[in-house]
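A.B. asks: Numbered continuously in numbering that gives the first Met the number 0, the sequence shown closes out at residue 279.
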Amino acid sequence: MTGGRRPSAAAADPGRGWRLGVFGWPVAHSRSPAMHTAALESLGLGHWRYGALPVPPERIDAALAALAESGFAGANVTIPHKHHALRAADVLTPAAAEIGAANTLTVLGDGTLEADNTDAPGLIDVLGEPAAGRTALVLGAGGSARACVWALREAGCSRVAVWNRTTARATELADDLGVDAVTDAFAADLLVNCTSVGLHDPAETFDLLPVAPAGLADHRVVVDLVYRSGGTPLLHAAEAAGTRTVDGLAILVAQGARSLERWTGRPAPRDVMDAAVRRD
Ligand code: NAP
0 MTGGRRPSAA AADPGRGWRL GVFGWPVAHS RSPAMHTAAL ESLGLGHWRY
50 GALPVPPERI DAALAALAES GFAGANVTIP HKHHALRAAD VLTPAAAEIG
100 AANTLTVLGD GTLEADNTDA PGLIDVLGEP AAGRTALVLG AGGSARACVW
150 ALREAGCSRV AVWNRTTARA TELADDLGVD AVTDAFAADL LVNCTSVGLH
200 DPAETFDLLP VAPAGLADHR VVVDLVYRSG GTPLLHAAEA AGTRTVDGLA
250 ILVAQGARSL ERWTGRPAPR DVMDAAVRRD
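1. Taking C-alpha atoms, which residue in Leu215, Ala275, Tyr226 lies nearest to Arg243?
2. To the nearest angstrom, how far is the alpha carbon of Arg164 from that of Gly241?
3. In terms of alpha-carbon separation, which member of Ser31, Asp273, Asp183, Pro25 lies closest to Leu19?
4. Considering only residues of the same chain and omitting the five flanking positions on each side of Glu97, which have a CB-CB separation below 7 Å?
5. Is the separation between the beta-carbon of Trp162 and that of Pro212 shorter than 8 Å?
6. If you compare alpha carbons, which of Ser41, Val21, Arg145, Leu39 is closest to Pro55?
7. What do you reckon, is the C-beta of Val225 under 7 Å from a heavy atom of the ligand NAP?
8. Would Tyr226 and Asp200 qualify as a contact pair, given that the criterion is a beta-carbon distance under 8 Å?
9. For my contact list, Asn75 and Ala94 are in at a C-beta cut-off of 8 Å; report their separation, rounded to the angstrom.
10. Indicate the three-state DSSP secondary structure (helix, strand or coil) for Thr170 in the structure shown.
11. Secondary structure at Leu91, three-state DSSP: helix, strand or coil?
12. Report the rounded CA-to-CA distance for Pro266 versus Ala72, giving the unit in angstroms.
13. Out of Glu171, Ala144, Gly139, Ala135, point me to the one whose CA is closest to Ala160's CA.
14. Any heavy atom of the ligand NAP closer than 7 Å to the Cβ of Ala74?
15. Got a sec, what are the start and stop residues for the alpha helix (DSSP H) Arg306 sits in?
16. Please list, in chain order, all residues of the same chain as Leu190 whose beta carbon is under 6 Å from its beta carbon, the five residues on each side excluded.
17. Taking the straight line between their C-alpha atoms, what separation do you get for Leu107 and Ser7?
18. Any heavy atom of the ligand NAP inside 7 Å of the beta-carbon of Thr165?
19. For Arg86, tell me which candidate among Leu104, Gly45, Arg278 has the shortest Cα-Cα distance.
20. Where do the ends of the alpha helix (DSSP H) carrying Phe205 lie?
21. Is the closest heavy atom of the ligand NAP to the C-beta of Gly142 under 7 Å?
22. Run the proximity test for Ile98: is its beta-carbon closer than 7 Å to any non-hydrogen atom belonging to the ligand NAP?
23. Taking the C-alpha atoms as reference points, what is the distance between Pro13 and Arg145?
24. Comparing the CB of Val220 with every heavy atom of the ligand NAP, is any distance shorter than 7 Å?
25. Could you check how far apart the C-beta atoms of Gly255 and Thr231 are, in whole angstroms? I think they sit under 8 Å.
26. Within 7 Å: the Cβ of Gly229 and any heavy atom of the ligand NAP?
27. Tell me the rounded alpha-carbon separation between Thr111 and Ala65.
28. Per DSSP, Ser7 is paired with what?
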């Protein structure tokens, strides 16, 4: 079922010691606990708690079903649980329903659970310019690519195209969301890397993606969802080519800020959150 926005349970009763967290498997590497803890303190909600919640796939349905009765205001959900989050919810936002995955669960005032996808609008928040009328090339066909394609399409891009190593997955995603699948890169205004390339072996980046460092000058903005200490080769090359860049930490902050606003009903302290995720 899809529905409009009803207030969260926690927004109506902020004095209570609400629990929050990020479900994943593994999740120890997540910067979300540091980011949200800093934000909660800044909002005067230091009595709320946000933690890493490592739960294996075979236990996630039970964990999510018990969320409301366990004192949670809501939760973030990351790999590999984003589909389970959708199934656990009573109410889906249009973004979660159409993307087919959720990263934010919110307990509503009547104890029901809402699933939303804040990864998608998070990308649009940090683009730094309107997406309407622009062309976009998304690299990858996994969960984050799906959210980004949906967001760019909804934001009014004149063309959204998907490239993926496994071509059949690009075609499937493109067909699902009514965009184009491509087998080569082109000079799109917006280039968005949603593959995991650059995360583990940065030196291989330009062997694995259909773009070359010099060609990055042809884009207005290059976005890399991957983040790592010292930055990624894709963004370093884009900066060297004179192209504006958006890094994965900015997107992490944007999606987290939207989740926090949903739970608390208050504007998120984005500067505080940005500083927290960039602290080593
Ligand atoms: P996913 O669903 O596992 O998808 C992975 C994608 O990477 C697939 O398209 C896969 O292609 C591609 N890929 C993997 N290895 C590759 C290689 N060697 N060469 C070419 N393509 C390769 O993952 P996801 O959830 O979409 O996340 C993708 C990346 O974005 C991850 O690094 C994740 O950490 C990051 N991310 C960041 C944020 C943020 O807030 N900044 C949010 C979400 C995700 P195939 O289909 O061919 O396997």
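A virtual CB, placed ideally from N, CA and C, is assigned to each residue, including glycine.
Since we're looking at a predicted model, the values are computed, not measured.
C.D. replies: Here's the rundown:
1. One-based indexing of the sequence shown puts residue 243 at position 244. Minimum Cα distance to Arg243 is reached at Leu215.
2. Start at 1 with the first residue of the sequence shown, and residue 164 comes out as number 165. Start at 1 with the first residue of the sequence shown, and residue 241 comes out as number 242. Spanning the two alpha carbons is a distance of roughly 27 Å.
3. Along the sequence shown, one-based indexing puts residue 19 at 20. If we check each option's Cα against that of Leu19, Ser31 comes out closest.
4. Indexing the sequence shown from 1 puts residue 97 at position 98. Contacts found: Trp149.
5. The residue labelled residue 162 in the question sits at position 163 within the sequence shown. The residue labelled residue 212 in the question sits at position 213 within the sequence shown. Contact flag unset, no.
6. Locating residue 55 in the sequence shown gives position 56, counting from the first residue. Answer by Cα proximity: Val21.
7. Position 226 of the sequence shown holds residue 225. Yes.
8. Position 227 of the sequence shown, counted from the first residue, corresponds to residue 226. Position 201 of the sequence shown, counted from the first residue, corresponds to residue 200. Not a contact, by the Cβ cut-off of 8 Å.
9. Counting from one through the sequence shown, the residue named residue 75 turns up at place 76. Counting from one through the sequence shown, the residue named residue 94 turns up at place 95. 15 Å between Cβ atoms; not a contact.
10. The residue given as residue 170 occupies position 171 in the sequence shown. Three-state DSSP puts Thr170 in a helix.
11. Position 92 of the sequence shown, counting from 1, holds the residue named residue 91. Strand, per DSSP.
12. As a first step, residue 266 must be located in the sequence shown, where it is residue number 267. As a first step, residue 72 must be located in the sequence shown, where it is residue number 73. Between Pro266 and Ala72, the C-alpha separation is close to 16 Å.
13. Mapped onto the sequence shown, residue 160 falls at position 161. Nearest C-alpha to Ala160: Ala135.
14. Reading the sequence shown from its first residue, position 75 is the one you call residue 74. Flag unset: Cβ of Ala74 not near the ligand NAP.
15. In the structure as shown, the chain starts at 0 and stops at 279, and residue 306 therefore has no counterpart that could be examined.
16. Here residue 190 refers to the residue found at position 191 when the sequence shown is read from its first residue. Same-chain partners within the cutoff: Leu136, His218, Val221.
17. The count along the sequence shown starts at 1 and reaches residue 107 at position 108. The count along the sequence shown starts at 1 and reaches residue 7 at position 8. About 4 Å.
18. Counting from one through the sequence shown, the residue named residue 165 turns up at place 166. For the ligand NAP, at least one heavy atom lies less than 7 Å from the Cβ of Thr165.
19. Your numbering for residue 86 matches position 87 in the sequence shown. Comparing Cα-Cα distances from Arg86 to each of Leu104, Gly45, Arg278, the minimum goes to Leu104.
20. As a first step, residue 205 must be located in the sequence shown, where it is residue number 206. Here the alpha helix (DSSP H) through Phe205 covers 204-207.
21. Counting from 1 along the sequence shown, the entry for residue 142 is found at position 143. Checking the Cβ of Gly142 against the ligand NAP gives yes.
22. As a first step, residue 98 must be located in the sequence shown, where it is residue number 99. No; taking the cut-off as 7 Å, the Cβ of Ile98 has no heavy atom of the ligand NAP nearer than that.
23. The residue you call residue 13 lines up with position 14 of the sequence shown. The residue you call residue 145 lines up with position 146 of the sequence shown. Roughly 34 Å separates the two Cα atoms.
24. Here residue 220 corresponds to residue number 221 of the sequence shown, with the count starting at 1. Result no, Cβ not under 7 Å from the ligand NAP.
25. Locating residue 255 in the sequence shown gives position 256, counting from the first residue. Locating residue 231 in the sequence shown gives position 232, counting from the first residue. Actually they are not in contact, since the Cβ atoms of Gly255 and Thr231 sit about 20 Å apart, beyond 8 Å.
26. On the sequence shown, residue 229 is found 230 positions in, with the first residue counted as 1. Not so, every heavy atom of the ligand NAP lies at least 7 Å from the Cβ.
27. For this step, residue 111 is matched to residue 112 along the sequence shown. For this step, residue 65 is matched to residue 66 along the sequence shown. Rounded to the nearest angstrom, the two C-alpha atoms are 11 Å apart.
28. Counted from its first residue, the sequence shown places residue 7 at position 8. Looking at the DSSP assignment, Ser7 forms a beta bridge with Leu107.
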